[in-house]
Amino acid sequence: FEMLHESSLSSFKSQVQSSQENHYASLKTETEKLRNDIEKMRSELRYEIDKVTAGQRLDLNLERGRITDLLNNQNAETTDLTNKLDREIHALRAQLEAAKYDVIKYCVGTLVSISAVGFSLIRILM
Numbered sequence: 210f211e212m213l214h215e216s217s218l219s220s221f222k223s224q225v226q227s228s229q230e231n232h233y234a235s236l237k238t239e240t241e242k243l244r245n246d247i248e249k250m251r252s253e254l255r256y257e258i259d260k261v262t263a264g265q266r267l268d269l270n271l272e273r274g275r276i277t278d279l280l281n282n283q284n285a286e287t288t289d290l291t292n293k294l295d296r297e298i299h300a301l302r303a304q305l306e307a308a309k310y311d312v313i314k315y316c317v318g319t320l321v322s323i324s325a326v327g328f329s330l331i332r333i334l335m
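In the working numbering, the protein residues as written are 210 to 335.
So this is what it looks like as structure tokens:
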């Protein structure tokens, strides 16, 4: 009876051990499969992040180029306006100088005329 019991216990142990080994092997296979899936998802996520980052970098570079062009255009317009104002200021100064010259010329002419008339009157009266 003890022999039968020993044999049955040994058989049970071997079945339990075999079942554990099968279970361990299936868990190991499942773990490896999950690890591969995680690595695949990590790789896909890295690819998507790189793609989004590259897109944002491209957008930033395009925006930077657009802003640079805009600033260059504004600088050119500012330079043109400054040059135009300088030309107008120089033209106004030239007109002002010409007007001052004309005023001085007419004042001198008027003074000379008045002096001539005055001398003529003094001569006539004397």
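Glycine included, C-beta positions come from ideal geometry on N, C-alpha and C.
* Would you identify the three-state DSSP class for M250, choosing helix, strand or coil? => The answer is helix: DSSP assigns M250 an H, G or I state.
Consult DSSP for M335 and reduce its assignment to one of helix, strand or coil. Looking at M335 - three-state DSSP - the assignment turns out to be coil, as it is neither helix nor strand.
Report task. Note down the Cα distance separating V312 from R275, rounded to an integer number of angstroms. Result -> Straight across, the Cα-Cα distance linking V312 with R275 is about 55 angstroms.
**Asked** Using a Cβ-Cβ distance under 8 angstroms, would T287 count as near chain D?
**Response** In the structure shown, chain D does not exist; there is a single protein chain.
**Study point:** Entirely enclosed alpha helix (DSSP H) segments - the segment 274-317, minimum 4 residues
**Key:** Positions of the alpha helix (DSSP H) runs, each at least 4 residues long and wholly inside the segment 274-317, cannot be given because no such run exists.
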